[in-house]
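Numbered per our numbering, the sequence shown spans residues 3 to 109. Ideal Cβ placement from N, Cα and C applies to all residues, glycine included. Treat the numbers as computed from the prediction; the structure is a model and nothing was measured. Okay, so here's the structure we're looking at.
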Amino acid sequence: MKTPIVIVKKLPALGMALFPFILLNNANLKNDKVIINHEKIHLRQQLEMLILPFYVLYIVNYLVNRLKYNSHDEAYRHIVFEQEAYQHDFNLKYLSTRKSYAWLKYR
């Protein structure tokens, strides 16, 4: 199944995964395989956590990191889901070999 991509011009990031969609802030990014792969990693994370718990844990992880690092950028970069996605977004075959709950090793 092809992942639906929606262009949201005022999106505050290049891309975002909101199951089952990938949101992009620019139509040209539809061809960016790395960004698409990054967001597909998030979609897999969301699906394996039955979607809603992913969002709750994502926000809690961000808030704890925000207190710890006192910086939005550092807090974001240390979210376990982001760490997995950034580490593997250039590996376009990652999702075919990824083990369930792989993000747990980034805690």
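In the DSSP output, which residue or residues are listed as bridge partners for valine 8?
Leu25
Bridge partner(s) assigned by DSSP for alanine 19
Alanine 19 pairs with Ile24.
To the nearest angstrom, report how far apart tyrosine 57 and leucine 49 are at their CA atoms.
Going by the C-alpha atoms only, they are around 11 Å apart.
If contacts are defined as beta-carbon pairs under 8 Å, then isoleucine 38 and isoleucine 24 qualify, I think. What distance do you get, rounded to the angstrom?
Confirmed, Cβ separation roughly 7 Å.
Between asparagine 72 and tyrosine 108, what straight-line distance do the alpha-carbon atoms span, to the nearest angstrom?
20 Å
Range covered by the alpha helix (DSSP H) that runs through serine 102
Annotation for serine 102: no alpha helix (DSSP H) segment contains it, and DSSP assigns it neither H nor E.
Leucine 20 versus Tyr88, Lys42, Val36, Gln85, residue with shortest Cα-Cα distance
Lys42
Under 7 Å Cβ to Cβ from tyrosine 60, same chain only, skipping five residues before and after it: list those, please.
Ile81, Phe83
If I measure Cβ to Cβ from arginine 68 and keep anything under 6 Å in the same chain, skipping five residues before and after, which residues do I get?
Ala77
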